[in-house]
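The opening residue of the sequence shown carries number 66 in my numbering; numbering runs sequentially from there.
The beta-carbon is built from N, C-alpha and C at its ideal position, and this holds for glycine as well.
Comments concern the structure below.
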Amino acid sequence: FYKKFKKMFNIQYITADLESPIADVKMDIQQIPFEDESFDVVICNHVLEHVDDDLKAMREFYRILKKKGWAILQVPIDKNRETTYEDNTIVSPKEREKHFGQYDHRRVHGRDYGERLKKAGFKVIEDNFVKQFTQDEINKYRLDKDEIIYFNIKE
């Protein structure tokens, strides 16, 4: 997306990352350095499971969105888990991998993810968009047939 969006004259596309040298802005999503209601759209893919306080980060995304703005905030979800599992006392990479599936994860999100987004203020639409594709398309694009897209709106 980066090259495509950067070439578009009708949008301002800003990338952000805590560590990447190619990001436009170096930032922690728990303390976003932009004013309230600065963005029409926010996309954050597989980051919230890495931060200390995902709810704080969700509230920050809500804060920087304009009214009627929307955000796609995707995380890996364990569909077998009813609620999100997190334990801030687990700090070693080895223990985090054992408990959360990856050495740098802070939690495993469960089926309550949409409710967590609502707590941050969003109107949440859960869309199983993959159902519109054929099995051949699902295989071709390596889609997760059960993935839910969380479309989050600031009303």
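Can you tell which of the options has the C-alpha that lies nearest to the C-alpha of residue i?
i: Val107; options: Thr148, Tyr78, Ser157 and Asn193; result: Tyr78
i: His111; options: Lys188, Gln139 and Ala81; result: Gln139
i: Lys210; options: Thr148, Ile218 and Lys196; result: Lys196
i: Ile214; options: Asn145, Glu160, Ile137 and His170; result: Ile137
i: Ser157; options: Gly179, Trp135, Gly175 and Gln167; result: Gln167
i: His115; options: Pro141, Lys133, Thr80 and Trp135; result: Pro141
i: Ile190; options: Lys184, Asp117, Thr199 and Gly179; result: Gly179
i: Asn32; options: Arg161, Gly175 and Thr199; result: Lying outside 66 to 220, the shown extent of the chain, residue 32 is not represented and no answer is given.
i: Glu125; options: Glu220, Ala185 and Glu160; result: Ala185
i: Phe104; options: Ile87, Asp82 and Lys132; result: Lys132
i: Cys109; options: Glu147, Phe66 and Pro86; result: Phe66
CA-CA distance, residue i and residue j?
i: Glu84; j: Lys91; result: 7 Å
i: Arg181; j: Lys72; result: 35 Å
i: Ala122; j: Lys205; result: 33 Å
i: Glu202; j: Glu212; result: 15 Å
i: Val173; j: Asp93; result: 20 Å
i: Phe198; j: Arg207; result: 12 Å
i: Asp118; j: Glu160; result: 18 Å
i: Leu113; j: Pro98; result: 17 Å
i: Ile76; j: Arg171; result: 34 Å
If you reduce the DSSP assignment to three classes, tell me which class residue i lands in.
i: Gln200; result: helix
i: Val106; result: strand
i: Phe70; result: helix
i: Ile155; result: coil
i: Lys210; result: coil
i: Glu191; result: strand
i: Asp82; result: strand
i: Arg172; result: strand
i: Lys184; result: helix
Tell whether a beta-carbon distance below 8 Å holds between residue i and residue j.
i: Phe216; j: Tyr127; result: no
i: Gly134; j: Lys69; result: no
i: Thr149; j: Asp177; result: yes
Report, in whole angstroms, the separation of the C-beta atoms of residue i and residue j, which I expect to be a contact under 8 Å.
i: Glu102; j: Leu130; result: 7 Å
Beta carbon of residue i: closer than 7 Å to some heavy atom of the ligand SAM?
i: Met73; result: The ligand SAM is not part of the structure shown, which contains no ligands of any sort.
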